[in-house]
Amino acid sequence: MMVGRFLFGMLAGPSLVAGLGAWLTLGFAAAEPIAIEATPIPLSAEEHDRDTVGQLRYRGGLHLSTDNSRFGGLSALGISADGRRLVALSDDGQRFSARLVYDRAGNLAGLRDADLVSLAGLDGRPFSSKADGDVESMSPGVEGEIIVAFERRHRLLRYLPGVTVPEPLPEPVEMSDLPFNNG
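Every letter in the sequence shown is one number past the one before it in our numbering, and letter 42, counting from 1, is 52.
Below, the structure written as C-alpha cells:
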C-alpha cells in the first residue's frame, strides 16, 4: 500500500534555514535511503495554468508517496539557502531529507537522494512513541544548533552540531499552561 503525503508548494522561491548543512547529520543515527514517488501538482486543481496568488508566484508543489510506513506527517520544513536541499521533521520523530529537482524554468519538479532517519531523544535512542516524537517546528540557533519544539508533551530540545544526544532547554513561561493535545 502506498502512503501518500503532500509536500509544500513553493511560492516566490525557497525559504532559508541557516545552518541546514549541519542539520543533515545532527543528532541522528545513519540515514537510510527511502524510495519516494514525487508527483508535481498544480496550484489549482481547476486552473492548471494558474501560477500566481496575489503578487506571489507558485514555483511548484509535490505529492509524495512511498511504501515506507515511517514517512509522513511533515511539520517542520527547511530549505537550504541555495534551494537545493530539503530537510523536514515529522510528527513521529523522523528526519526526512532530499535533494530538490527543478525544471528548466526553475520550478520545483521532483526529488532525489531522499533519506529518512529517526530523531534521537534525550537517551540517544529514537523516540518510542508518537507522543514523545511529535515535532511541531524547528529553528536555527545562534551557535549553529537546531532547536526543535514538540507538541503533545510540550518541550524544546537543542541539537548541537556533531553531538548525538540533544539537550533540553528551559521551558519558557508561556509554555507552562499549554494543555496536552492530540497532535
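Think of the CB as a built atom: it goes at the ideal place given N, C-alpha and C, for glycine as much as any other residue.
7 Å Cβ shell around residue i - same chain, five flanking residues per side excluded
{"i": "Leu117", "result": "This sequence places Asn at residue 117; Leu is not what is there. Same-chain partners within the cutoff: Arg69 and Gly70."}
{"i": "Glu56", "result": "none"}
{"i": "Phe190", "result": "Arg162"}
{"i": "Leu99", "result": "Ser85, Ala86, Arg105, Leu129, Val145, Met148 and Val158"}
Delimiting residues of the alpha helix (DSSP H) encompassing residue i
{"i": "Asp142", "result": "Lys140 to Gly143"}
For residue i, the three-state DSSP class (helix, strand or coil)
{"i": "Glu184", "result": "helix"}
{"i": "Glu57", "result": "coil"}
{"i": "Arg162", "result": "coil"}
{"i": "Ile51", "result": "strand"}
{"i": "Ser79", "result": "coil"}
{"i": "Gly93", "result": "coil"}
{"i": "Glu155", "result": "coil"}
{"i": "Pro176", "result": "coil"}
Local Cβ density within 10 Å of residue i, reported as buried at 16 or more and exposed below that
{"i": "Pro176", "result": "buried"}
{"i": "Gly134", "result": "exposed"}
{"i": "Val183", "result": "exposed"}
Range covered by the beta strand (DSSP E) that runs through residue i
{"i": "Gly71", "result": "Leu66 to Thr76"}
{"i": "Leu170", "result": "First-last for Leu170: undefined, no H or E at that position."}
{"i": "Gly120", "result": "Leu118 to Ser128"}
{"i": "Val111", "result": "Gln104 to Tyr112"}
Pairwise C-alpha distance: residue j and residue i
{"i": "Val152", "j": "Ser107", "result": "22 Å"}
{"i": "Gly64", "j": "Val173", "result": "44 Å"}
{"i": "Met185", "j": "His164", "result": "7 Å"}
{"i": "Asn78", "j": "Leu96", "result": "18 Å"}
8 Å Cβ cutoff, residue i in contact with chain C
{"i": "Ile157", "result": "The structure shown contains no chain C; it holds only a single protein chain."}
Proximal residues to residue i (C-beta, below 8 Å), its chain only, five neighbours per side dropped
{"i": "Gln104", "result": "Arg80, Phe81, Leu126, Val127, Ser128, Leu129 and Gly143"}
Other residues of its chain near residue i: CB distance less than 6 Å, five sequence neighbours each side excluded
{"i": "Gly120", "result": "Ala48 and Val111"}
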